[in-house]
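Engineer: Take this structure first; my questions come after.
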Amino acid sequence: SLRTVLSRHAADLMGPNWPAGKPFPILVKWLDCRERLSLQVHPPAAVAAELKGEPKTENWYIAHTVPGAELIVGLKRGVTRAQFEQAIGENTVEQCVHHFRVAAGDSILVHSGQVHAIDAGNLILEIQQNSDTTYRVYDWGRVGLDGQPRQLHIPQSLRSIDWTDFEPMPVRAAPTSGVIADCAEFRIRRVVLGAGERLHLRAGEQPRLVSVVSGTVRASSEHTGGTRSPFGTKLPRGENVLVPYAGAFTFAAEVTTILLVTENFAGGE
42 SLRTVLSRHA ADLMGPNWPA GKPFPILVKW LDCRERLSLQ VHPPAAVAAE
92 LKGEPKTENW YIAHTVPGAE LIVGLKRGVT RAQFEQAIGE NTVEQCVHHF
142 RVAAGDSILV HSGQVHAIDA GNLILEIQQN SDTTYRVYDW GRVGLDGQPR
192 QLHIPQSLRS IDWTDFEPMP VRAAPTSGVI ADCAEFRIRR VVLGAGERLH
242 LRAGEQPRLV SVVSGTVRAS SEHTGGTRSP FGTKLPRGEN VLVPYAGAFT
292 FAAEVTTILL VTENFAGGE
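In the numbering used here, the protein residues as written are 42 to 310.
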């Protein structure tokens, strides 16, 4: 497991200054949303300690979506805490939150403190801080299989929500390389490769996560032994790999390919 590798080879994996026993700081998830998720918030760092929780900033990359599918992030402009609290009681929270349509290739950085929900019909790659603290503030009036509403965490949510966060917008899809998310916790670059083009990641810089969100690449190491194919390991769409601090790798695109490179999560610049 990653935990075992980190405990035994921390310097090679994360770099020479990685603190002993510190867990891996990033989680990567594929979310295939068949129905709208609940409205949630993660506590900002200043509030998390008070609530005995952990902050979680995350980035959503939309790999696939159905026509008309939306994301919900932040508040509608001008909504106050008092209005939001009243809307919870009246089941009108839908009118208080910021909806926007998305297409494949769009992405948005969701900071701790931003209310958020993923609408049905979205396939999303979520790259996030390693944290388990989620407060469910609203569930759209739904009930569970037992006929009862799911547990909500309203006091914690109201304490965590950023009441100045109005109508954030996504980074729209583009056929060019560039930074799509940059925050204190990580940076994500979109790397667009034409067929035959290569991405080189050098050893001794920092660990990186490489996610194949479109196309196919072959990954090869400069230190590949005789047991591995000289053509490298094929990584199709959907694969995520961790490139260690001590490793030098090349990713060669077989067709037009989009990679997400997540970095700066181990103190790199």
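All C-beta atoms in this analysis are idealised placements derived from N, C-alpha and C, irrespective of residue type, glycine included.
1. Assess contact between the region 125-142 and the region 84-104, defined as three or more Cβ pairs (one per stretch) separated by less than 8 Å. Is contact present?
2. Quick one: residues in its chain with C-beta nearer than 7 Å to the C-beta of His241, no 5 flanking neighbours on either side, listed in chain order?
3. Under 7 Å Cβ to Cβ from Ala294, same chain only, skipping five residues before and after it: list those, please.
4. Under a Cβ-count criterion, where at least 16 other Cβ atoms within 10 Å of its own Cβ denotes burial, should Leu72 be classed as buried or exposed?
5. Following the continuous alpha helix (DSSP H) through Asp73, name the residue where it begins and the one where it ends.
6. Which residue marks the beginning of the beta strand (DSSP E) containing Gly115, and which one marks its end?
7. State buried or exposed for Asp223, treating a residue as buried only when at least 16 other CB atoms are found within 10 Å of its CB.
8. Among the residues of its own chain, which have a CB less than 6 Å from the CB of Pro285, if the five just before and after it don't count?
9. What does the alpha-carbon distance come out to for the pair Ile150 and Thr121?
10. Is DSSP giving Glu310 helix, strand or coil here?
11. Which of the three DSSP states is assigned to Ile202 in this structure?
12. Indicate the three-state DSSP secondary structure (helix, strand or coil) for Gln170 in the structure shown.
13. In angstroms, rounded to a whole number, what distance separates the CA positions of Pro189 and Gln127?
14. Just curious, the alpha helix (DSSP H) that Gly130 is in, first and last residue?
15. Count the CB pairs spanning the region 105-115 and the region 156-164 that are closer than 8 Å, and state whether there are at least three.
16. Assign Gly182 to one of two classes, buried (16 or more other C-beta atoms within 10 Å of its C-beta) or exposed (fewer than that).
17. In chain order, what residues of the same chain lie with their CB nearer than 6 Å to the CB of Asp180, ignoring the 5 residues before and after it?
18. What residues in its chain sit with their C-beta under 7 Å from that of Ala89, if we drop five residues either side in the sequence?
19. Let's see if you can read the secondary structure: which residues bound the beta strand (DSSP E) around Ser252?
20. Please go through the same chain and pick out, in chain order, the residues whose beta-carbon is closer than 6 Å to the beta-carbon of Lys63, but skip the five residues on each side of it.
21. Excluding sequence positions up to five away, which residues of its chain have a Cβ less than 8 Å from the Cβ of Ala289?
22. Roughly how many angstroms separate the alpha carbons of Gln136 and Arg118, rounded to a whole number?
23. DSSP puts Asn281 in a beta bridge; with which residues?
Structural biologist: Result, derived from the coordinates:
1. no
2. Thr291
3. Only Leu234, Gly235, Ala236, Gly237, Glu238, Gly256, Val258 meet the Cβ criterion.
4. Leu72 should be labelled exposed.
5. Looking at the DSSP string, Asp73 is not in any alpha helix (DSSP H); the run it does join, the beta strand (DSSP E), is 67-74.
6. 111-116
7. exposed
8. Asp53, Leu54, Pro248
9. A small correction: the amino acid at residue 150 is Leu; Ile does not occupy that position in the sequence shown. Looking at the two C-alpha atoms, the distance is approximately 22 Å.
10. For Glu310, the pLDDT reaches just 45, beneath the cut-off of 50, and the residue's location in the model is therefore unreliable, although a value from the coordinates is still provided. Residue state, collapsed to three classes: coil.
11. coil
12. strand
13. Contrary to the premise, residue 189 reads as Gln rather than Pro in this sequence. So the two alpha carbons sit approximately 21 Å from each other.
14. Here the alpha helix (DSSP H) through Gly130 covers 122-131.
15. When C-beta atoms of the region 105-115 are compared with those of the region 156-164, three or more pairs fall below 8 Å, so the two segments count as touching.
16. exposed
17. Ser79, Arg191
18. Glu95, Pro96, Thr174
19. In the DSSP assignment, Ser252 falls within the beta strand (DSSP E) that extends over 249-255.
20. Non-local C-beta neighbours of Lys63 in its own chain, meaning closer than 6 Å and more than five positions away in sequence, are absent.
21. His241, Leu242, Arg243, Ala244, Ser262, Glu263, His264
22. 11 Å
23. Ser252
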